[in-house]
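The sequence shown runs contiguously to residue 375 in the UniProt record's numbering.
A virtual CB, placed ideally from N, CA and C, is assigned to each residue, including glycine.
Treat the numbers as computed from the prediction; the structure is a model and nothing was measured.
Note sheet for the following structure.
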Amino acid sequence: MDHPFILIRRELHKIPELGFQEWKTQSYILDYLNTLSSERIEVMKWKTGLFVRILGKEGKRTVGYRSDIDGLPIVEQTDLSFSSNHTGQMHACGHDFHMSIALGVLSYFVDHPINDHLVFIFQPAEEGPGGALPMLESDEMKRLNIDVMMALHIAPELKVGEIGTKEGLLFANTSELFIDLLGKGGHAAYPHQTKDMVVAASSLVSNLQTVVSRNIDPLDSAVLTIGKLTAGTVQNVIAENARLEGTIRTLDPETMERIKSRIESIVKGVEWQFDCQASIDYGSNYYQVYNDPKTTEHFIQWAENKDTLKFVHSKEAMTGEDFGYMLKSIPGFMFWLGVDSPFGLHNGQLNPKEDAIPFAIDTITEYIEFMQTDE
Ligand SMILES: [Zn+2]
Ligand SMILES: [Zn+2]
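Here is the structure:
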């Protein structure tokens, strides 16, 4: 017989939904919560997400636990019997795992009351446009008064039974980058009557390479990648428009600001040089995930002494996570959960090992119980 939360994960895996469209996911979670008969549960809808509070015996402290709930616009290629029913959408970042684990921990504490209040946050739109920041700023969140926050993310490169994290910076500051250039099109043989945006865009891409190499301290780290470049319509017409699409990643929020200001100067220079108009859009921006040293240290010490798990000291990564906004105002931490998959996050063949689900539920419930013993 399969573990009940593995079965829940499979049901959720069938219905991945994109950011702020997670209506089926929300109603699946609500239906599950309705099966838990307890006067101690308080459920609040927030857009396509949920806040669920389990009242503690004393409630002097409130412990928050966050799971993201959205899928990705990726075609599933796993051939699993419970593959996505939504063509072109997939839980390829493990948020189906995150939800079933959160439901497992939640269910345990409904039956085993502790002193602290617990708040489970089912957060939409982690992959974009970002649900953590608006949820954090919501009236519900302010009323819940969370003292400490935690969350996990599945890690394909770790084995089941392994967890990892570090104090301080875990994930980078990230920003999308879209630059549109508008010139003047015309006949390919009359360049003097036009403003050619293929030439302007090429120059801009080259100039942007100097931002990280010439403006950032070599001992600091940053990435500026242009992943997509589009311009023009046909080979013998000079392009009137061009568009650059990219991403910025930094280990320091100030470096992010410096890079943006350099991009703005370079874009102004291109406007002047090629007599064109440019506009910059930074799209989704995520603040770094910075693990509060004190709470993280407490967790690491506990984890290192557990013989039921293997603790791994993680390095920081240039990936982004909007949980960083929650950790900016509430102390807490995020950790990696090993799921042992040869395919990485955001891969259509990602197939995490489901044994990680009962392991994670046990680990988190034990840690929350341990937190009760040393106030
Ligand atoms: Zn993701
Ligand atoms: Zn994710």
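Residue i: first and last residue of the uninterrupted alpha helix (DSSP H) it sits in
i, result
"ALA200", "197-215"
"ALA222", "Unbroken run through ALA222 is the beta strand (DSSP E), 222-231; no alpha helix (DSSP H)."
"ASN34", "23-34"
"LEU12", "4-14"
Beta-carbon gap between residue i and residue j smaller than 8 Å
i, j, result
"GLY320", "VAL160", "no"
"ILE352", "PHE20", "According to the sequence shown, residue 352 is Pro rather than Ile. Contact flag unset, no."
"ILE69", "MET99", "yes"
"PHE82", "HIS13", "yes"
"PHE333", "THR62", "no"
"SER107", "LEU36", "yes"
"ILE259", "LEU219", "no"
"residue 396", "ASN115", "One cannot answer for residue 396 here, as it falls past the ends of the chain, which runs 1 to 375."
"GLY186", "GLN193", "yes"
"VAL267", "ILE163", "no"
"TYR287", "PRO253", "yes"
"ILE361", "GLY104", "yes"
"ALA222", "THR250", "yes"
"LEU72", "GLU22", "no"
"GLU354", "ARG9", "yes"
"PRO16", "HIS86", "yes"
"PRO129", "SER341", "no"
"PHE120", "PRO358", "no"
"LEU136", "VAL289", "no"
"GLU167", "ASN291", "yes"
"LEU244", "LEU229", "yes"
"ASN173", "MET90", "no"
"TYR367", "TRP302", "yes"
"PRO124", "LYS47", "yes"
"ALA102", "HIS346", "no"
"residue 378", "ARG66", "Residue 378 is absent from the structure shown; the chain starts at 1 and stops at 375."
"residue 397", "LEU309", "Any question about residue 397 goes unanswered here, given that the chain covers just 1 to 375."
"TYR28", "LEU177", "no"
"residue 425", "LEU158", "The structure shown does not extend to residue 425, since the chain is modelled only from 1 through 375, so no value can be given for it."
"VAL52", "LEU33", "yes"
Endpoints, the beta strand (DSSP E) within which residue i is located
i, result
"ASP68", "62-68"
"VAL43", "41-46"
"ILE263", "Not the beta strand (DSSP E): ILE263 falls in the alpha helix (DSSP H), residues 253-274."
"GLU245", "241-250"
"GLY49", "49-54"
beta-carbon residue i near ligand 3 non-hydrogen atom, thresh 7 Å
i, result
"HIS298", "Within the structure as shown, ligand 3 is missing, the only ligands being ligand 1 and ligand 2."
Whole-angstrom C-beta distance between residue j and residue i, which should lie under 8 Å
i, j, result
"residue 388", "ARG262", "For the chain, the structure presents residues 1 to 375; residue 388 sits outside this window and is missing."
"PHE299", "LYS195", "Not quite, the Cβ-Cβ distance comes to about 57 Å (not below 8 Å), so this is no contact."
"VAL148", "ILE41", "Not a contact, Cβ separation roughly 20 Å."
"ALA132", "MET197", "In fact, because the Cβ distance is near 36 Å, the residues do not count as touching under 8 Å."
"ASN236", "ALA188", "4 Å"
"GLU76", "GLY348", "6 Å"
"ASN285", "SER213", "Incorrect: roughly 23 Å between the Cβ atoms, too far for contact."
"LEU152", "ALA278", "About 41 Å separates the two Cβ atoms, so there is no contact after all."
"PRO191", "ILE238", "6 Å"
"SER203", "VAL270", "6 Å"
Problem - For review: beta carbons within less than 7 Å of any heavy atom in ligand 1 - result: LEU72, CYS93, GLU126, GLU127, LEU345, HIS346
Problem - Any alpha helix (DSSP H) of 4 or more consecutive residues that is wholly inside the region 91-118 - result: 95-111
Problem - Whole alpha helix (DSSP H) elements within the region 325-374, 4-residue minimum - result: 356-373
Exercise for the section: Within the region 278-325, note down every full alpha helix (DSSP H) run reaching 4 residues or more, in order along the chain. Expected result: 293-304
Exercise for the section: For the region 132-175, list the alpha helix (DSSP H) runs that are entirely contained and at least 4 residues long, ordered along the chain. Expected result: 132-136, 139-144
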